[in-house]
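A.B. asks: Numbering (full-length UniProt numbering), first residue to last: 1 to 117. Positions of the beta carbon are idealized from the N, C-alpha and C atoms, including for glycine. Since the structure is predicted, the reported quantities are computational estimates derived from the model, not experimental observations.
(1) Are residue 37 and residue 96 closer than 8 Å when you measure CB to CB?
(2) Rounding to the nearest angstrom, what Cα-Cα distance links residue 59 and residue 73 in this structure?
(3) Drop a sphere of 10 angstroms on the beta-carbon of residue 93, count the other beta-carbons inside from all chains shown, and report buried for 16 or more, exposed for fewer.
(4) Among 33, 14, 44 and 8, which has the Cα closest to the Cα of residue 90?
(5) Taking the alpha-carbon positions, what's the residue 28 to residue 34 distance?
(6) Express the C-alpha separation of residue 53 and residue 84 in angstroms, rounding to a whole number.
This is the structure:
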């Protein structure tokens, strides 16, 4: 796997969904939606983190002293785009959960040791 593919797989859910079977029957479509329900929150968190880092870089008071050309507002615009992509992944997760239902929750386990009984 190249670095570009690794970065795409880390940032975009579509990269993973393109490698899944084509949703030609309801079971495959439900499996894709379950995957989206379970993993789109991770992608949203990554995009929110990227957006927060870019925004902090944009409002950094010593930014003009850095040796790169940052007089333009591209970090601020890129931060807003990253936040929008993060919100899009959250909406995608909520939509998938509305179609396939909430994730299964394991029953509670007894965490007491033999001495605590």
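C.D. replies: This is what the structure gives:
(1) One thing to note: residue 37 has its Cβ within 8 Å of the Cβ of residue 96.
(2) The straight-line gap from Cα to Cα measures roughly 10 Å.
(3) Residue burial annotation: residue 93 is buried, with at least 16 other C-beta atoms found within 10 angstroms of its C-beta.
(4) For residue 90, the nearest C-alpha among the options comes from 44.
(5) For residue 28 and residue 34, the distance between alpha carbons rounds to 10 Å.
(6) Between the alpha carbons of residue 84 and residue 53 lies a distance of about 14 Å.
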